[in-house]
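Beneath this line is the structure, given in structure tokens, with notes to follow.
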Amino acid sequence: MWCSRRQRNQAVWEGGGVRGAGEYLSAPHIKIRLSQSSWAALGLQERGGRRRRRRGKKKKKKKREEEEEGRRRRRRGKKKKKKREEGRGKRKRKRKKKKKKKKKKKKKKKKKKKKKKKEGSKGGGGKKKEKEKEKEKKKKRRRRRRRRRRRRRRRKEGRKEGRREKKRRRRRRRREEEEEGRKEGKKEREEEKKEKEKKMKKKKKKKKKKKKKKKKKKKKKKKKKKKKKKKKKKKKKKKREEEEEGRKGGGEEGEGEEEEEGRKEGKERRRGGGGEEGAGEGGAGEEKEKKKKKKKKKKKKKKKKKRRRRRRRRRRRRRREEEEEGRKEGRRGGERRRGEEEEEEGRKEERRRRRRRRRSRRSRRRRRRRRRRRRRRRRRRRRRRRRRRRRRRRRRRRRRRRRRRRRRRRRRRRRRRRSRSRSRSRSRRRRRRRRRRRRSRSRSRSSSSSSSSS
Numbered sequence: 001m002w003c004s005r006r007q008r009n010q011a012v013w014e015g016g017g018v019r020g021a022g023e024y025l026s027a028p029h030i031k032i033r034l035s036q037s038s039w040a041a042l043g044l045q046e047r048g049g050r051r052r053r054r055r056g057k058k059k060k061k062k063k064r065e066e067e068e069e070g071r072r073r074r075r076r077g078k079k080k081k082k083k084r085e086e087g088r089g090k091r092k093r094k095r096k097k098k099k100k101k102k103k104k105k106k107k108k109k110k111k112k113k114k115k116k117k118k119e120g121s122k123g124g125g126g127k128k129k130e131k132e133k134e135k136e137k138k139k140k141r142r143r144r145r146r147r148r149r150r151r152r153r154r155r156k157e158g159r160k161e162g163r164r165e166k167k168r169r170r171r172r173r174r175r176e177e178e179e180e181g182r183k184e185g186k187k188e189r190e191e192e193k194k195e196k197e198k199k200m201k202k203k204k205k206k207k208k209k210k211k212k213k214k215k216k217k218k219k220k221k222k223k224k225k226k227k228k229k230k231k232k233k234k235k236k237k238k239k240r241e242e243e244e245e246g247r248k249g250g251g252e253e254g255e256g257e258e259e260e261e262g263r264k265e266g267k268e269r270r271r272g273g274g275g276e277e278g279a280g281e282g283g284a285g286e287e288k289e290k291k292k293k294k295k296k297k298k299k300k301k302k303k304k305k306k307r308r309r310r311r312r313r314r315r316r317r318r319r320r321e322e323e324e325e326g327r328k329e330g331r332r333g334g335e336r337r338r339g340e341e342e343e344e345e346g347r348k349e350e351r352r353r354r355r356r357r358r359r360s361r362r363s364r365r366r367r368r369r370r371r372r373r374r375r376r377r378r379r380r381r382r383r384r385r386r387r388r389r390r391r392r393r394r395r396r397r398r399r400r401r402r403r404r405r406r407r408r409r410r411r412r413r414r415r416r417r418r419s420r421s422r423s424r425s426r427s428r429r430r431r432r433r434r435r436r437r438r439r440s441r442s443r444s445r446s447s448s449s450s451s452s453s454s
């Protein structure tokens, strides 16, 4: 008698371990052949019989209906074809076909087993061979699954590699364009440097000529200054001698000479010389003028440093701007070379396409959407910033208030403690004084009573 393992296991569980039933078996979908005694012990006779009869009755009914109503069957077949075309009822058909094929294969296996048993095998080998074949089928299924997975992985990897190669090509093109642009930029920079160097050399030559002329003038000025100082000293000596002579010999002639000398002294004071009173003052004035000149020289040095720094900054800015312009021009040059190789017609077509895209409604809608998104993002950011600032301000205010309250509470507590401690100390002193007085009074009373009794 044939039975599925599921049925057998169910009967074992329900019976609670029937004699001759054996243990619980795995793989419940596999069919098993049992003896009549074990079949009867498990109580599978009624179940199996009923199911088979029902199946037979249903099949016979179907056959009768098909023979009587051939037209309906044809119509049903047409409907099923339509369903197949629409994509319905495919899975049910496939499942039925698979079940039929499996049953046919099992019938062939039974015949082979019987032949082998007749040749000399004494039973028990059929089940093992079925298990082995089932294991082989499982292995084949696993192999197929592995192959499918490998193919899918390879396809995915191939797609990924294709994308990576495209990215690499783009990067290479960009690098080549940038390198071409840099090379052209370097050439232009070198040419500009050469031109600048030529200009600088010309300027240096002009500066050298000017410097030589200036040096000669400076030397002359220094000599003049020295001569002026000598003249002042001589003038001072002459004035002193004339004043001494005027004191020794006086008169009308001396007075006239003194008036002329006064006029000369006024002129010399205006120029920087002096007489009796202006002699001392002129000397102090000369010292002040020297100090002022020294200070002016220091200021000039500071100005020179500032000028040098400004020049350096300007040169750096110019270099950066020139380098940036060179890079941009280099990139443009690389693109132009590519364009010359690809022909001018290709360029015109690309420009036309760009204009059409810009003019198209889709591009306008996209631009509007982008603008709206940007505006929304900006508004959100502003709102977030404002909220954060408000929160920070509120937190700071709360912290300040809490600190102030804590400080006030601490001060109040300290004051109360101090006042309490003082009041307690005073009350304790008063109590002690009262106790002493009471003791002293009681002693005096006891002494007076003892004397009267005596």
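The sequence shown lines up with residues 1 to 454 when you count with full-length UniProt numbering.
Note that beta-carbon positions come from the ideal geometry of N, C-alpha and C, so glycine has one too.
A distance below 8 Å separates the beta carbons of ILE32 and ARG5. Contact annotation: the segment 304-321 does not touch the segment 166-179, with fewer than three C-beta pairs closer than 8 Å. Looking at the DSSP output, LYS31 sits in a beta bridge with SER4. Separation of SER37 and LYS57 (C-alpha to C-alpha, rounded to the nearest whole angstrom) is 28 Å.
GLY326 and GLU180 have their C-alpha atoms roughly 12 Å apart. For GLU69, the secondary structure class from DSSP, reduced to helix, strand or coil, is coil. Excluding the 5 residues flanking it on each side, ARG151 has no same chain C-beta neighbour closer than 6 Å. In the three-state reduction of the DSSP assignment, GLU343 falls in the coil class, being assigned neither a helical nor a strand state. Counting every other CB atom within 10 Å of its CB across the protein chains shown gives GLU165 a total below 16, marking it as exposed.
Here GLU265 is buried. Its C-beta has 16 or more other C-beta atoms within 10 Å. Here GLU329 really is in contact with GLU188; their C-beta atoms are around 7 Å apart, less than 8 Å.
Distance from the Cα of GLU190 is smallest, within the candidate group ARG435, ARG394, ARG319, for ARG319. If the five residues before and after ARG367 are omitted, its C-beta is found closer than 6 Å to no C-beta atom of its own chain.
ARG404 and ARG398 have their alpha carbons spaced roughly 10 Å apart. If only uninterrupted alpha helix (DSSP H) runs of at least 4 residues are considered, none is enclosed by the segment 399-443.
Taking 8 Å as the cut-off, the beta carbon of GLU349 is found no closer than this to the beta carbon of GLU192.
Straight across, the Cα-Cα distance linking LYS306 with ARG385 is about 41 Å. Annotation: SER442 to ARG435 spans about 11 Å, alpha carbon to alpha carbon. The straight-line gap separating the alpha-carbon atoms of ARG394 and ARG387 is approximately 10 Å.
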